[in-house]
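S.K.: For reference, each letter of the sequence shown is one residue, going 9 to 147 in our numbering.
First, the structure itself, so that you have it in front of you.
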Amino acid sequence: VSQAIIDDAPRVIRLTLWVILALVVLSWLLFIVVSIVLSLFWGLALYVMIDCPDLGTFACLKASAKLTKRRRWKLFCFHLSFIGWHILGQLSFGIGTLWIMPYIECSTFGFYQDLKAEKEQLGIKWRPDPAGKNPAGAS
9 VSQAIIDDAP RVIRLTLWVI LALVVLSWLL FIVVSIVLSL FWGLALYVMI
59 DCPDLGTFAC LKASAKLTKR RRWKLFCFHL SFIGWHILGQ LSFGIGTLWI
109 MPYIECSTFG FYQDLKAEKE QLGIKWRPDP AGKNPAGAS
């Protein structure tokens, strides 16, 4: 029945529907790519906030972006390495994620600590000064 309706539709309507469908699919793909990129920029903001509680929300996001600069591919590969664990957790109907998620969070915190130590060793200032405070004891 549906094939008969499609065959009777004018070509312009079918072409329009295909274009709309293609635009919807491309917009979802673009949304996914943008989400991944932003998570690479801001993925460590929670750890920055825990480490530097005097910073505000946007300062934590900015510090996370500075911290991950030139290491985003490494962070992407790091997160990609956990795909097998996620699949294993879903094969157990989600019960495995009770053990997998803490493991991933602890590993990500270790990645954050290593990245922070590397930036500090190189002398790269990644942590902004808290809002309203003078830097390093200046009056």
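Glycine included, C-beta positions come from ideal geometry on N, C-alpha and C.
Owing to the predicted nature of the structure, the values given are computational and were not obtained by experimental measurement.
Check the C-beta distance from Trp50 over to Leu69 and give it rounded, since I have them as a contact under 8 Å.
M.R.: Trp50 to Leu69, Cβ: 5 Å. Contact.
S.K.: Does the pairing of the stretch 96–104 with the stretch 126–133 give three or more beta-carbon distances under 8 Å?
M.R.: Taking 8 Å as the limit for Cβ pairs, the verdict is that the stretch 126–133 does not touch the stretch 96–104.
S.K.: Per DSSP, what kind of secondary structure is Gly92 in: helix, strand or coil?
M.R.: Helix at Gly92.
S.K.: Here's the rule I'm using: 16 or more other beta-carbon atoms within 10 Å means buried, otherwise exposed. How should Thr76 be labelled?
M.R.: Flag for Thr76 reads buried.
S.K.: At the level of alpha carbons, what is the spacing between Leu38 and Val32?
M.R.: Each residue's Cα considered, the two are about 10 Å apart.
S.K.: If Gly118 sits next to Thr105, beta carbons under 8 Å apart, how far is it from one beta carbon to the other, in whole angstroms?
M.R.: Not really, about 19 Å apart at Cβ, beyond 8 Å.
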